[in-house]
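Going left to right, the sequence shown walks through residues 26 to 276 as this note's numbering numbers them.
Input: a single structure, listed below in C-alpha cells.
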Amino acid sequence: THGLYLMAMGLDGTTTGDMIFNTRENNNSTFGTLTNAGFKFQHFTTDLVTILRNGNVGIGENAPDQLLHLKTSNGAEMVLQRTTGTTDGLLGAIHFGNADVDEYLASIRSVQDGATDSAYLAFETEVASGTKAERMRIASTGKVSIGTAAAYGQLTINHSGNESWAFKCVSGGGSADFLTIGASGEILSLRATSGAGELHIYESGTTRAVIGTLNGSNGMQFKVPSTVALTLDSSGNALFGANASGSSTST
26 THGLYLMAMG
36 LDGTTTGDMI
46 FNTRENNNST
56 FGTLTNAGFK
66 FQHFTTDLVT
76 ILRNGNVGIG
86 ENAPDQLLHL
96 KTSNGAEMVL
106 QRTTGTTDGL
116 LGAIHFGNAD
126 VDEYLASIRS
136 VQDGATDSAY
146 LAFETEVASG
156 TKAERMRIAS
166 TGKVSIGTAA
176 AYGQLTINHS
186 GNESWAFKCV
196 SGGGSADFLT
206 IGASGEILSL
216 RATSGAGELH
226 IYESGTTRAV
236 IGTLNGSNGM
246 QFKVPSTVAL
256 TLDSSGNALF
266 GANASGSSTS
276 T
C-alpha cells in the first residue's frame, strides 16, 4: 500500500512529456501524516534534500518547518546571481505579495551600482491603492538614503509627500516627541515632556556643554557642563554666571 512510481506523460495525458514523481498511500487515499517524508535525496544514508508530504522542502533539514528550510552546520546561505556583470543590471530580487490581489507588494533588489564589481540594495513598498516604489537604498559605499536615490552623506533623508516632518524620535508609544527634524514651520525641534529640554554636547563620552530651556518659562540657559554660565530670560535679559533667579549682572 506504500510506494513510488515514476511516469513520463504529457499534459494531455499521453505517455510522453514531463517526468512526474508521485507517492501514494492506501490506493491514493489521503496521507495519514502530512509531515512524514514523501521524497528523500540521499548520499548513502545522509539526507541531502527532503520533501514532506505537505510540500515543505528541506535542504540539510529532514523536518522542514516552512515551504523552504535550509540548514548547515556553519549557517545556511542563498546565492542570487546573474550570468554576466553589467554596470546597472539587476543581480537578484526577493518579492512579497498575495496571489489573489497583488503578487509584488514589496521587494528587496540588488542592482549593480555603476560598475561590474559594485552593487546597491533597494527596498521597495507599495502604499494602499498606489504603486510600488523604492523607499530606501543602501549604496555600494554604505551610505543610506531614504526617500531619494541620491546620497549626500552617510544618511540622507528626503522630506517629501504629505508628512509634516522628515525625522521624529518619540517615546511612550508615540505620545511624546523628543526630536523632530523638518517639522512644519521648523527645521529642528527638541522637546521635553517634563522638565527642561536640553541639548548635551559631548567629547569622548564626557559632557562639555549643555544648552537648555528654563523649565516653565521662555528663555535659554547655557551650562559648562553643569554650572550655569549664561541665562537669557523671557524679557531678553542676559544673566551671567548664575541661573535666572539669581542676583547676577544683566545686560
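Just so it is clear, CB atoms sit at the ideal spot from N, CA and C, and this is done for glycine as well.
Note that this is a predicted model, so its numbers are computed, not measured.
Beta-carbon separation (whole angstroms), residue i vs residue j, contact threshold 8 angstroms
i: Thr71; j: Ala62; result: With a Cβ gap of about 14 angstroms, Thr71 and Ala62 do not count as contacting.
i: Leu239; j: Ala221; result: 7 angstroms
i: Ser143; j: Leu116; result: About 11 angstroms; that fails the 8 angstroms criterion.
i: Gly266; j: Ala254; result: 7 angstroms
Nearest neighbour of residue i, chosen from the options [CA to CA]
i: Thr141; options: Arg160, Lys157, Thr109 and Asp127; result: Thr109
i: Gln91; options: Phe121, Thr60 and Val104; result: Thr60
i: Gly85; options: Asn79, Leu73 and Leu93; result: Leu73
i: Tyr227; options: Ala217, Ser251 and Gln106; result: Ser251
i: Glu151; options: Gly122, Arg78 and Phe265; result: Gly122
i: Asn243; options: Ser259, Ala254 and Ser229; result: Ser259
i: Gln67; options: Asn87, Asn79 and Asp127; result: Asn87
Spatial distance of residue i from residue j (CA atoms)
i: Ala101; j: Ser132; result: 21 angstroms
i: Ala175; j: Asn81; result: 41 angstroms
i: Met245; j: Val169; result: 35 angstroms
i: Lys157; j: Tyr129; result: 8 angstroms
i: Ile236; j: Ile119; result: 47 angstroms
i: Lys193; j: Thr205; result: 4 angstroms
i: Val104; j: His225; result: 46 angstroms
i: Thr173; j: Gly167; result: 15 angstroms
i: Ile261; j: Phe247; result: Here residue 261 is Gly; the residue named in the question, Ile, does not match the sequence. Computed Cα separation, rounded: 14 angstroms.
i: Leu93; j: Thr181; result: 36 angstroms
i: Thr277; j: Tyr145; result: Residue 277 cannot be examined here, being either before or after the span of the chain that is shown, 26 to 276.
i: Glu223; j: Asn183; result: 27 angstroms
Exposure label - residue i; buried when at least 16 CB within 10 Å
i: Ala147; result: buried
i: Gln137; result: buried
i: Ala269; result: Here Ala269 scores only 46 on pLDDT, less than 50, and its place in the model is too uncertain to base an answer on.
i: Val249; result: exposed
i: Gly83; result: buried
i: Thr256; result: buried
i: Ala124; result: exposed
i: Ala153; result: exposed
Cross-strand partners of residue i (DSSP beta bridge)
i: Lys168; result: DSSP lists no partner for Lys168.
i: Phe64; result: Ile76
i: Glu223; result: Gly237
i: Arg134; result: Ala118 and Ala147
i: Ala263; result: Leu257
i: Asp142; result: For Asp142, which the question treats as bridged, DSSP gives no partner whatsoever.
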